[in-house]
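A.B. asks: Chains X and C, in that order, give the protein sequences. Okay, so the first sequence: first residue is 1 according to the numbering used here, each after it adds one. Okay, so the second sequence: first residue is 114 according to the numbering used here, each after it adds one.
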Amino acid sequence: EPEVTQTPSHQVTQMGQEVILRCVPISNHLYFYWYRQILGQKVEFLVSFYNNEISEKSEIFDDQFSVERPDGSNFTLKIRSTKLEDSAMYFCAASPSGNEKLFFGSGTQLSVL
Amino acid sequence: GDSVTQMEGPVTLSEEAFLTINCTYTATGYPSLFWYVQYPGEGLQLLLKATKADDKGSNKGFEATYRKETTSFHLEKGSVQVSDSAVYFCALEGSEKLVFGKGTKLTVNP
Chain X
1 EPEVTQTPSH QVTQMGQEVI LRCVPISNHL YFYWYRQILG QKVEFLVSFY NNEISEKSEI
61 FDDQFSVERP DGSNFTLKIR STKLEDSAMY FCAASPSGNE KLFFGSGTQL SVL
Chain C
114 GDSVTQMEGP VTLSEEAFLT INCTYTATGY PSLFWYVQYP GEGLQLLLKA TKADDKGSNK
174 GFEATYRKET TSFHLEKGSV QVSDSAVYFC ALEGSEKLVF GKGTKLTVNP
């Protein structure tokens, strides 16, 4: 089955630093998402992206966050100035047709020190 | 707003035991309901889904029935295997996004 690939699998950064989490979605998929899971808590929606623009974002997705699909293949999540509470597992997901079936990557574990 | 509540884990069972993982939801209308599974080191994978009341989703021996009257979508399997050890997530389809529960970790011992 096709895969969504995320890199890196683990990222450690200092508070205040910028991080970029990368995702390579499945090539014919049109809808892209970022979710995150803080340890012991629910998987939370961050943002959805369709047709090269954000289609919906959550309250978590403030001005410190941004997404890009710079070259038609990679889909990135940037956190401009990381905070301790940004420590979480970040999942990228892609879908050919919206919510009915999402394909998830294996996640990037972000640790902010 | 929309929300999903799953039974707290972890759950530890012996091989061939019966599994139930409870899931209830709060939503406006009748959203599609999903169970996702995450095996160690992998991403979340769709396990099964149901799109309307009384539908039963099934896959790999797992089943869940969409119960409108109890707003529930409990996951069941009659005889678990060691290879079923994973984290299971219940989810509903909200507007433009999925709404997940916390996940329930299942460990099956031989």
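Idealized CB from N, CA, C, for every residue including glycine. Please read all numbers here as calculations on a predicted model, not as lab measurements.
To be precise: take each residue of the region 91-106 of chain X, compare its Cβ to all Cβ atoms of chain C, and keep it if any distance is under 9 Å. Which residues remain?
C.D. replies: F91, C92, A93, G98, N99, E100, K101, L102, F103, F104, G105, S106
A.B. asks: So, is C/Q151 buried or exposed, given that buried needs 16 or more other C-beta atoms within 10 angstroms?
C.D. replies: Taking the first residue of the second sequence as 1, we reach residue 151 of chain C at position 38. Its Cβ being crowded by 16 or more others within 10 Å, C/Q151 is buried.
A.B. asks: Given a limit of 8 Å on CB to CB distance, which residues of the region 153-169 of chain C reach chain X?
C.D. replies: G154, E155, G156, L157, Q158, L159, K162
A.B. asks: Going residue by residue through the region 12-43 of chain X, where are the continuous beta strand (DSSP E) segments of at least 3 residues, counting only ones entirely within it?
C.D. replies: 19-24, 31-37
A.B. asks: Output needed for C/V200: all residues of its chain with C-beta closer than 6 Å, excluding positions within five of it in sequence on either side, in chain order.
C.D. replies: In the second sequence, residue 200 of chain C corresponds to position 87, counting from 1. So the list reads Q151, G216, K218, once near-sequence residues are dropped.
A.B. asks: Would you list the residues sitting across from C/R180 in a DSSP beta bridge?
C.D. replies: On the second sequence, residue 180 of chain C is found 67 positions in, with the first residue counted as 1. DSSP, once it has assigned bridges, lists C/S185 as partnering C/R180.
A.B. asks: So, X/F65 versus X/P25, is the Cβ gap smaller than 8 Å?
C.D. replies: On the first sequence, position 65 is the one that residue 65 of chain X refers to. On the first sequence, position 25 is the one that residue 25 of chain X refers to. No, the pair does not count as a contact, with Cβ atoms beyond the cut-off.
A.B. asks: Pull up the CB-CB distance for C/L126 and C/V212, whole angstroms please, since I reckon it's below 8 Å.
C.D. replies: The count along the second sequence starts at 1 and reaches residue 126 of chain C at position 13. The count along the second sequence starts at 1 and reaches residue 212 of chain C at position 99. Actually they are not in contact, since the Cβ atoms of C/L126 and C/V212 sit about 27 Å apart, beyond 8 Å.
A.B. asks: Is there a C-beta anywhere in chain X that falls below 8 Å from the one on C/F202?
C.D. replies: Position 89 of the second sequence holds residue 202 of chain C. For C/F202, a Cβ of chain X is located within less than 8 Å of the residue's own Cβ.
A.B. asks: Evaluate C/Q194 with the Cβ neighbour count: other Cβ atoms within 10 Å of its Cβ, from every protein chain shown; 16 or more gives buried, anything less gives exposed.
C.D. replies: Residue 194 of chain C sits at position 81 when you count from the first residue of the second sequence. C/Q194 should be labelled exposed.
A.B. asks: Could you name the residues of chain C that X/Q41 contacts, counting a contact when the two beta carbons are closer than 9 Å?
C.D. replies: Locating residue 41 of chain X in the first sequence gives position 41, counting from the first residue. Those are K215, listed as they occur along chain C.
A.B. asks: Which whole runs of the beta strand (DSSP E) in the region 130-168 of chain C are 3 residues long or more, in chain order?
C.D. replies: 132-134, 136-139, 146-151, 157-163
A.B. asks: From which residue to which residue does the beta strand (DSSP E) around X/E53 run?
C.D. replies: Along the first sequence, one-based indexing puts residue 53 of chain X at 53. From DSSP, the beta strand (DSSP E) with X/E53 extends over 53-57.
A.B. asks: Where X/S95 and C/L159 are concerned, what is the direct C-alpha to C-alpha distance, given to the nearest angstrom?
C.D. replies: Looking up residue 95 of chain X in the first sequence gives position 95. Looking up residue 159 of chain C in the second sequence gives position 46. Distance between the alpha carbons of X/S95 and C/L159 is about 12 Å.
A.B. asks: Assuming C/E176 contacts C/L132 under a Cβ cut-off of 8 Å, what Cβ separation, rounded to an integer in Å, is found between them?
C.D. replies: The residue given as residue 176 of chain C occupies position 63 in the second sequence. The residue given as residue 132 of chain C occupies position 19 in the second sequence. Not a contact, Cβ separation roughly 10 Å.
A.B. asks: According to a CB-to-CB cut-off of less than 7 Å, which residues of the region 41-72 of chain X neighbour chain C?
C.D. replies: Q41, K42, V43, F45, S48, S55, E56
A.B. asks: Go ahead and pull the three-state DSSP assignment for C/V193.
C.D. replies: As a first step, residue 193 of chain C must be located in the second sequence, where it is residue number 80. Three-state result, C/V193: coil.
A.B. asks: Can you give me the Cβ contacts of X/D86 inside the same chain, cut-off strictly under 7 Å, excluding the 5 residues immediately before and after it?
C.D. replies: Locating residue 86 of chain X in the first sequence gives position 86, counting from the first residue. Here the set comprises I79, L110, V112.
A.B. asks: Please classify X/E44 as buried or exposed, where buried requires at least 16 other C-beta atoms within 10 Å of its C-beta.
C.D. replies: Numbered from its first residue, the first sequence carries residue 44 of chain X at position 44. Answer is buried; the Cβ neighbour count reaches 16.
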